[in-house]
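Beneath this line is the structure, given in structure tokens, with notes to follow.
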Amino acid sequence: MQRVTVDEMQQDPLKYLNQVEAGESFIIIQADKPIAELKPITTTNKQQRPFGLCAGEFTVPDDFDAPLPEDILNAFEGG
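Structure below.
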């Protein structure tokens with residue numbers, strides 16, 4: 055990782071930003087002390103999961119939309 059002073063950065067910031075865009079990283083130095091790191095942002099392109107990823111893993115019962123039993127309904131409705 056290259057080292058660059060604050061003064062050098064101020065003289066030609068575009069030069070360093072172009073290098074960062076190309077993949078380089080820098081440690082920024084002020085008064086012989088490292089104060090910051092300038093590096094490219096890594097983007098991760100998340101791909102969508104394929105449709106049917108869990109096909110065959112489970113089946114939906116025929117009565118999945120049947121009314122709930124009274125005791126469970128009462129618990130939800132506070133009855």
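In the working numbering, the protein residues as written are 55 to 133. Every residue gets a Cβ at the ideal spot worked out from N, C-alpha and C, and that includes glycine.
query: Using CA coordinates, which residue listed in Ser79, Asp61, Met55 and Val114 is at the minimum distance from Ala85?; result: Asp61
query: Under the three-state reduction of DSSP, which class applies to Gln101: helix, strand or coil?; result: coil
query: Can you round the beta-carbon distance between Ile81 and Pro88 to whole angstroms, since I take them to be within the 8 Å contact cut?; result: 5 Å
query: What did DSSP end up calling Val134 once you bin it into helix, strand or coil?; result: Look at the range of the chain in this structure, 55 to 133, and you will see that residue 134 is not part of it.
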